[in-house]
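From first to last, the protein sequence lines are chains D and C. The first sequence begins at 177 in this note's numbering and counts up one residue at a time. The second sequence begins at 336 in this note's numbering and counts up one residue at a time.
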Amino acid sequence: MKTNIIILLILASFLTFQSCSKDAPTPEVDQEEVSSATLTFTEVEAEKHDDHFHYHEIKNPEVETVEFTGNNFLPPVGAHLHLEVGKSYRFNLKVKDFAGRESQQTFIDRADQHFAFLLGAPTGSISAEYSDKTADGKAANVGVSGYINVLKASNSFNFRYVMRHLNPGVKQTINPKTDIFNTEFNKFGGANDLDLKVEIHLVEEDHEGH
Amino acid sequence: MLKYVWTVLVLFIINNANAQTNSTQYIKGIVLDENSKAIFGANISISELQLNTSSDIHGDFRFKVVEGHQHLILKVSALGYETFEQPIHAEPDHLIKIVLRNSTESIDAVSITALKEEQKTAIKAKLNQEQIEETKGKLSAEIFSKLSGVSILNTGHSVAKPVIHGLHSNRIILLNNGVKQEGQQWGMEHAPEMDPFAADEFEVIKGAQAVRYGADALGGVLIAKANQIDPSKINGRADLIAQSNGRGAIANLQVQGGINSIPALAWKVQGSGKKLGDSKTPNYYLGNTGSEEINFSGTLQYRKDNKFIEAYYSRFATELGVFYGAHIGSIEDIYARIENGEPFEKYDFSYKINAPKQNVSHQLGKLKYQQELKNGLQLEAQYSWQQNHRQEYDMRRAVSDNVPMSDMVLTTQQLEVILRSKSHSIGLNAGNQVNNNISGTGTTPIIPNYDNYSVGLFGIHQFQLNKWILEAGWRYDYRYFDAAGYRYKYTEAQQSVPQQYLLEDNRSFHNFSGSIGAAYVIDPTWQYKSSLGLAWRAPTANELYSDGVHHAAAIYEIGNLDLKAEQGLKWVHSISHKSDNIAITADLFGQVIHNYIYAAPNPDSVRQTIRGTFPVFSYSQNNAIFYGADLQFDWKINSTIQYSLQGSLVRAKNTSTDTYLPYIPSDRIQNSIQWYYTENKGYVKLGHQFVARQIQYEEASDYVAPPSSYNLFNAYITQPLNINKQQLNISFAVENLFNNSYKDYMDRFRYYAHRPGRNFILSVNYKF
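Structure, rendered in structure tokens:
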């Protein structure tokens, strides 16, 4: 019996020597999450060169900005952007992580897996091209920044900016000239890193009101 | 081409069958104790013929064998008696009388023997040796699914969880070499972390077995165990398996024996490895579905006088890719894939395993001590330690894909002490579990750090009345749970950064469990069993505290701190018949679960994260009922041909809402015909499986209706070759013979892709 007790004590001692309680939890700063996003449309001057445009800054440009915050990344109540027909705008995306740091560059750093789709505008009402550059100066074709040319007026529509995190190999199947407005973006396998929605109204010059 | 193969095989079978003569020779015997009293339930096996049976209430047993004088090794074992293992000369109509002596040293060399003895009334099914050999190299869940009443829940091709009567994860228990396996089994995409090569036997107990095994055993218990080691000789086996689908190979080597200078000591070492690339459906490769495994284990057994000591250690490590096409971020994505019917993106074959992927290692160690005490008492003590390290990787943006999104270490210790007499057992079970999230993932963990302390006291009592064996059990469990982890406070108010806070919570659960069972020997060929068990389980950490995206389901899960313990009452009836040529087992079960926990959609609520906009699911609980039946039928048509049929049926409903529960296996049957074309156990087997469409589901409760029914055909041929005293087996199998394109309701990736297509498997097995 004495032997049994000794053996049981040896077994029980394992319980004692092992760590029997949890570590104090460490708060993580979520690297992948985005706490807020801002889309800014700044008026620029477009200069046509054959089949493409060159864009130039202008003085006192018209600037439209909308911030998406909160649980569901909603714009402020009643947010409504006016973009004028015949004008061109440079758009920029800014996102902040859960520590409040700007992190839109991370999309460009992983350009092989990211592409933004611009959805909701009536067909033929706008044209767009992306201007992101990788660290070595090459076209990144991501859509963190780019240009929009307003071609014709339209009723208000829900503009949707979808930043797609694409599965390996999918980016090569995207044509950055023709797929920017592709409503079947779900066919490009991956997940939506951002899905921002705001009402936009394409208006003639000197339009007033909503 | 294939139809001609079938025709040739069928003709070959018929031709050969006609050429055979029926055997009528039996090996008959009786198992007695030293007082010439019959021993009921003794295990009798003949390994050469892969025959196994047990003695009836009169101690009688018999095997049907081929005609002629036979030199065979007969093994007879029963709890409390020395194992008999000797060559015998079987002559027609001779009765072998086996007297087992009371044991003073081999009371219970393997714990399962004791478990069987404690649970004579439990309803069980066990794989035979041929089935085990046929499934070498498979995932553990795939092996268990060959048992009647057990099915699989898949997450793609590389992750499979066993399901007993519609219940899985924390509602069933897996006993891995006598130790209750503790991994992160709450996750539907978390497969059991065990190497099937380390086990020699696979068994299911279908009743609610909480009394013996503690909380969580609502659905039943799966048992994987190794045979006893014979220290008198060195032997082992080597397996090499190559398969076409995945273009990979699996290897296993195990050696066991003793040491001449320490005759009481036996040892065993075993190691296995696996490398598979992307698997393929009939029409396309499933990108990033490769897997790798490196596993090893070691056992030491020491027997002296009336003592038995065992030390066991195993390490399982796997890296497995998660199908690229399941990387989705919204319901829109799921619907787009469902409409397309197959993945949009197609990949060439590759062995590379990229994010998303899982890296999991599981270590298990145990120390076991048994001793025969005075007055016929037996003492058993077992301490076990497990450490499960799970890392899950995803395609990231801000940091490298090599930084895990989830990095958890779960450490579990269990101590169990059991005192047994001939008819009674009393046990004490204590456990400690610690879950820690490793920092540096850059992601708030989905479950917090926690401690889980548990203690249980149980007793099992047996009574024998003529042809009846009655068994009753009771158990009391207490569990204390202490959790802490950071969470985000999401509010509807517009704010740029969600606020983080420390969630601290502790709670306790306690519960009584009970069981009663009966076994009735109707006659030597018919037996009836009934088992009624009350089991419970405490809510798991994810059900209480989860707060994050469940990627594979494209939902955002939120735990519920108000959850109470689940309680289930399961009643299983089983009637079995075993005669010379026919064996039938029919099981009928019903189970009510009070406070059944499930994730329910939170209407009109969505949460946007960097990975998309997900519907919010919150954990809730209702009452549920499960019922159904299993059938196993084996028919020896003649001495060379046998037919097997297996079927199962499960129904499950949420009785509070009168709705069907999701992810319940649909009705299925599988049958096979097997022809022994040589006298040394070479055989051909043709198998068929039919899985019906699941029609017991709620409209609009899923993204898409359950997939259609399907039929699968498989073929297997094995040829043993004797080289001196060693045996070389060469086997060839074809799975999904006709390369059917199908989806399975129990595959959580059925929204995105089909199940794998045809697979050729060549196995070489050398036993020395």
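Built from N, CA and C at the ideal position, the CB exists for glycine as well.
So with Cβ pairs under 7 Å, would you call residue i a contact of chain C?
| i | result |
| --- | --- |
| D/Gly313 | no |
| D/Arg286 | yes |
| D/Gly365 | yes |
| D/Asn317 | no |
| D/Ser197 | yes |
| D/Thr282 | yes |
| D/Phe202 | A small fix is needed here, since residue 202 of chain D is Thr in this sequence, not Phe. It does: the Cβ of D/Thr202 has a partner Cβ on chain C nearer than 7 Å. |
| D/Asp308 | no |
Identify the continuous alpha helix (DSSP H) that holds residue i and give its terminal residues.
| i | result |
| --- | --- |
| C/Ala733 | No alpha helix (DSSP H) contains C/Ala733, which DSSP labels as neither H nor E. |
| C/Asp668 | Ile666 to Asn675 |
| D/Gln281 | Gln281 to Asp285 |
| C/Ser607 | Counting along the chain, C/Ser607 falls outside any alpha helix (DSSP H), though it belongs to the beta strand (DSSP E) covering Ile597 to Leu611. |
| C/Gln1029 | No alpha helix (DSSP H) holds C/Gln1029; DSSP gives it neither H nor E. |
| C/Ile1058 | Counting along the chain, C/Ile1058 falls outside any alpha helix (DSSP H), though it belongs to the beta strand (DSSP E) covering Tyr1045 to Ile1058. |
Taking Cβ positions only, does residue i come closer than 7 Å to chain D?
| i | result |
| --- | --- |
| C/Ile663 | yes |
| C/Gly583 | no |
| C/Gly700 | no |
| C/Thr778 | yes |
| C/Phe679 | yes |
| C/Phe1084 | no |
| C/Tyr785 | yes |
Return the first residue and the last residue of the beta strand (DSSP E) that residue i is part of.
| i | result |
| --- | --- |
| C/Arg572 | Asn570 to Gln578 |
| C/Gln546 | It is worth fixing the name first, because residue 546 of chain C is Val in this sequence and not Gln. It is not in any beta strand (DSSP E) - C/Val546 instead sits in the alpha helix (DSSP H) that spans Ala545 to Tyr548. |
| D/Phe364 | From DSSP, D/Phe364 is part of no beta strand (DSSP E); its letter is neither H nor E. |
| C/Ile761 | His759 to Asn772 |
| C/Leu510 | Ile507 to Asn511 |
| C/Gln749 | Ser741 to Arg755 |
| C/Asn784 | Asn784 to Leu800 |
| C/Ala987 | Ile976 to Asn989 |
| C/Ile564 | Careful: C/Ile564 lies outside any beta strand (DSSP E) and carries neither H nor E. |
| D/Phe249 | Where D/Phe249 is concerned, there is no enclosing beta strand (DSSP E), given that its DSSP letter is neither H nor E. |
With a 10 Å radius around its C-beta and 16 neighbouring C-beta atoms as the bar for buried, classify residue i as buried or exposed.
| i | result |
| --- | --- |
| D/Tyr323 | buried |
| C/Ala552 | buried |
| C/Ile597 | exposed |
| C/Gln454 | buried |
| D/Thr299 | exposed |
| C/Ile999 | buried |
| C/Pro651 | According to the sequence as given, residue 651 of chain C is Phe; it is not Pro. Result: buried. |
| D/Val210 | buried |
Assuming contact is defined by CB atoms lying nearer than 7 Å, are residue i and residue j in contact in what I supplied?
| i | j | result |
| --- | --- | --- |
| C/Tyr686 | C/Gly625 | yes |
| C/Ile781 | C/Gly883 | yes |
| C/Gln726 | C/Pro739 | yes |
| C/Lys1020 | C/Ser1001 | no |
| C/His492 | C/Pro1091 | yes |
| C/Ala550 | C/Arg872 | yes |
| D/Lys270 | D/Thr214 | yes |
| C/Ala586 | C/Leu575 | yes |
| C/Arg732 | D/Arg266 | no |
| C/Val744 | C/Asn771 | yes |
Excluding the five sequence neighbours on either side, which residues of its own chain have a C-beta within less than 7 Å of the C-beta of residue i, listed in chain order?
| i | result |
| --- | --- |
| C/Asn511 | Met529, Ala559 and Leu699 |
| C/Gly762 | Glu751, Val752, Ile753 and Phe793 |
| C/Ser504 | Lys496, Gln520, Trp521 and Met523 |
| D/Asn172 | The structure shown does not extend to residue 172 of chain D, since chain D is modelled only from 177 to 386, so the question has no answer here. |
| C/Leu898 | Pro874, Glu878, Leu879, Ile932, Tyr954 and Gln956 |
| C/Glu477 | Thr470, Ile487 and Ala495 |
| C/Gly791 | Gly549, Asn764, Arg810, Tyr811 and Asp812 |
Going by beta carbon distance, what residues of the same chain come within less than 6 Å of residue i, once the five residues before and after it are set aside?
| i | result |
| --- | --- |
| C/Ile507 | Ile499, Gly554 and Gly555 |
| C/Ser850 | Val546, Gly808 and Gly868 |
| C/Glu1033 | Thr994 and Tyr995 |
| C/Gln967 | Ser483, Thr920 and Gln981 |
Starting from the C-beta of residue i, find all residues in its chain whose C-beta is less than 8 Å away, skip the five residues before and the five after it, and write them out in chain order.
| i | result |
| --- | --- |
| D/Asn368 | Val338, Met339, Arg340 and His341 |
| C/Arg1093 | Ser579, Asn580, Pro617, Val1069, Glu1070, Asn1071, Leu1072, Phe1073 and Asn1074 |
| C/Ile431 | Ile362, Lys363, Gly364, Ile365, Leu409, Ile423 and Ala425 |
Which residues in chain A sit within 8 Å of residue i, going by Cβ to Cβ distance?
| i | result |
| --- | --- |
| C/Gly592 | The structure shown has no chain A; the protein chains it does contain are D and C. |
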